[in-house]
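In terms of the UniProt record's numbering, the sequence shown opens at residue 1 and continues consecutively. All residues carry an ideal CB built from backbone N, CA and C; glycine is no exception. Each remark here refers to the structure printed beneath this line.
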Amino acid sequence: MTTRQIGWMLAAGVVLAFLFEMFGTVPAGYRGVVLQFGAPTGQVKEPGLYVVTPFVQHVAKVNVQIQAYQTQAIESASADLQDVHTGVTVNFQVDPLRVVQVYTNFRDEIVDRILRPNVQETVKAATAKFTAEQLITQRAAVKQLADTILAQRVEPFGLHVEATSITQFEFSPTFTQAIEAKVTAEQNALQAKNRLLQVEYEAKQKIAAAEGEAQALALRRAQLNPAILQLEAIQKWDGKLPQIMSSGGAVPFINVPLGGTKSQP
Numbered sequence: 001m002t003t004r005q006i007g008w009m010l011a012a013g014v015v016l017a018f019l020f021e022m023f024g025t026v027p028a029g030y031r032g033v034v035l036q037f038g039a040p041t042g043q044v045k046e047p048g049l050y051v052v053t054p055f056v057q058h059v060a061k062v063n064v065q066i067q068a069y070q071t072q073a074i075e076s077a078s079a080d081l082q083d084v085h086t087g088v089t090v091n092f093q094v095d096p097l098r099v100v101q102v103y104t105n106f107r108d109e110i111v112d113r114i115l116r117p118n119v120q121e122t123v124k125a126a127t128a129k130f131t132a133e134q135l136i137t138q139r140a141a142v143k144q145l146a147d148t149i150l151a152q153r154v155e156p157f158g159l160h161v162e163a164t165s166i167t168q169f170e171f172s173p174t175f176t177q178a179i180e181a182k183v184t185a186e187q188n189a190l191q192a193k194n195r196l197l198q199v200e201y202e203a204k205q206k207i208a209a210a211e212g213e214a215q216a217l218a219l220r221r222a223q224l225n226p227a228i229l230q231l232e233a234i235q236k237w238d239g240k241l242p243q244i245m246s247s248g249g250a251v252p253f254i255n256v257p258l259g260g261t262k263s264q265p
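Here you go:
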């Protein structure tokens with residue numbers, strides 16, 4: 001290989017290196033922070049192809065999609081001084097309009113320097129507002145309070161909190177046993193109440209049935225009363241006197257005057 005050929009190869013390599021350093025792409029869901037000699041220039045590249053000055057500038061890519069940060073159990077205390085270990089998952093996003101600020105201040109340490117310490121303080125502040133029993137029965141309210149506190153703490157750093165999820169509450173064995181005993185007692189009381197209601201309902205049914213039978217019996221007795229039977233017969237009479245027939249022929253029924261006429265001598 002001649003010196004000239006080596007020179008051409010070196011020139012081609014330099015050109016390729018310039019082209020490689022000059023062009024690049026920012027993926028969807030990211031923003032590109034332009035750095036010059038390692039320091040942010042304030043310029044931001046949108047997703048797609050970009051051009052920079054070779055060997056002088058390069059682009060740091062910052063994820064602006066919604067990301068999840070999951071904690072291990074965080075130790076804290078409830079309002080009634082019960083020890084509680086809380087697991088939390090936080091969905092967060094770097095503000096696309098403040099990527100330069102976030103990258104300048106935290107580089108790749110967003111979780112370690114912003115989220116982790118602030119999530120821990122948020123959990124401690126939220127759980128301290130509720131008793132241990134309320135942490136279980138009012139979980140939605142605890143989550144809402146944690147959302148509010150955490151958002152106020154991390155917004156100044158350029159992060160948005162999309163949602164905070166409480167994945168677990170763990171209490172001391174003594175408190176857990178006490179809660180289980182209370183639940184069992186409440187269930188037993190509810191069963192006893194249901195049995196009492198059932199007995200009362202059955203008693204009312206028997207009373208209603210007895211009253212119905214008494215009314216039916218009274219009605220049957222009234223229907224068999226001779227006076228009532230005679231009254232019904234009179235009400236059904238059409239005013240015509242019956243004729244009595246004998247085997248030898250018809251014998252007229254004798255009308256007996258009820259009064260007002262005298263017999264002739």
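**Study point:** Reference Gln65; option with closest CA among Ile149, Asn188, Leu97, Ala209
**Key:** Here the question's residue 65 lines up with position 65 in the sequence shown. That would be Leu97, whose Cα lies nearest to the Cα of Gln65.
Check your understanding: How would you write the range of the beta strand (DSSP E) that Leu150 sits in, first residue to last?
Key -> Residue numbering aside, residue 150 sits at position 150 when the sequence shown is read from its first letter. Here Leu150 belongs to no beta strand (DSSP E); instead the alpha helix (DSSP H) covers 139–154.
Review point. Nearest to Gln70 by CA position, among Ala79, Gln138, Gln177, Asn91, is which residue?
Key: For the purposes of this step, residue 70 is identified with residue 70 of the sequence shown, where counting begins at 1. Comparing Cα-Cα distances from Gln70 to each of Ala79, Gln138, Gln177, Asn91, the minimum goes to Asn91.
Check your understanding: At which residues does the beta strand (DSSP E) containing Ala125 begin and terminate?
Key -> By one-based count along the sequence shown, residue 125 stands at place 125. Element bounds for Ala125: not the beta strand (DSSP E) but the alpha helix (DSSP H), 116–127.
Exercise for review: Starting from Gln101, follow the alpha helix (DSSP H) in both directions and report where the run begins and ends.
Suggested key: Reading the sequence shown from its first residue, position 101 is the one you call residue 101. 99–106 is the extent of the alpha helix (DSSP H) around Gln101.
Check your understanding: residue 308 and Ile166: beta carbons closer than 8 Å?
Key -> The shown model of the chain, from 1 to 265, leaves out residue 308, and the question about it has no answer.
Exercise for review: Output the distance between the C-alpha atoms of Gly87 and Val52, rounded to the nearest integer angstrom.
Suggested key: On the sequence shown, residue 87 is found 87 positions in, with the first residue counted as 1. On the sequence shown, residue 52 is found 52 positions in, with the first residue counted as 1. Approximately 44 Å between the Cα atoms of the pair.
Point to revise | beta strand (DSSP E) segment containing Ser76, residue limits | key: Here residue 76 refers to the residue found at position 76 when the sequence shown is read from its first residue. 74–77 is the span of the beta strand (DSSP E), which, as asked, contains Ser76.
Point to revise | CB of Leu135 within 8 Å of CB of Thr127, strictly | key: On the sequence shown, residue 135 is found 135 positions in, with the first residue counted as 1. On the sequence shown, residue 127 is found 127 positions in, with the first residue counted as 1. Contact flag set, yes.
**Study point:** Per DSSP, the bridge partner or partners of Pro40
**Key:** Locating residue 40 in the sequence shown gives position 40, counting from the first residue. The partner list for Pro40 (beta bridge, DSSP) reads Leu35.
Check your understanding: From Gln138 to Gln152, what does the alpha carbon distance come to, in whole angstroms?
Key -> Residue numbering aside, residue 138 sits at position 138 when the sequence shown is read from its first letter. Residue numbering aside, residue 152 sits at position 152 when the sequence shown is read from its first letter. Approximately 22 Å between the Cα atoms of the pair.
Exercise for review: Decide yes or no for the touch test of the segment 44–64 against the segment 25–33: beta carbon pairs closer than 8 Å, at least 3 of them.
Suggested key: yes
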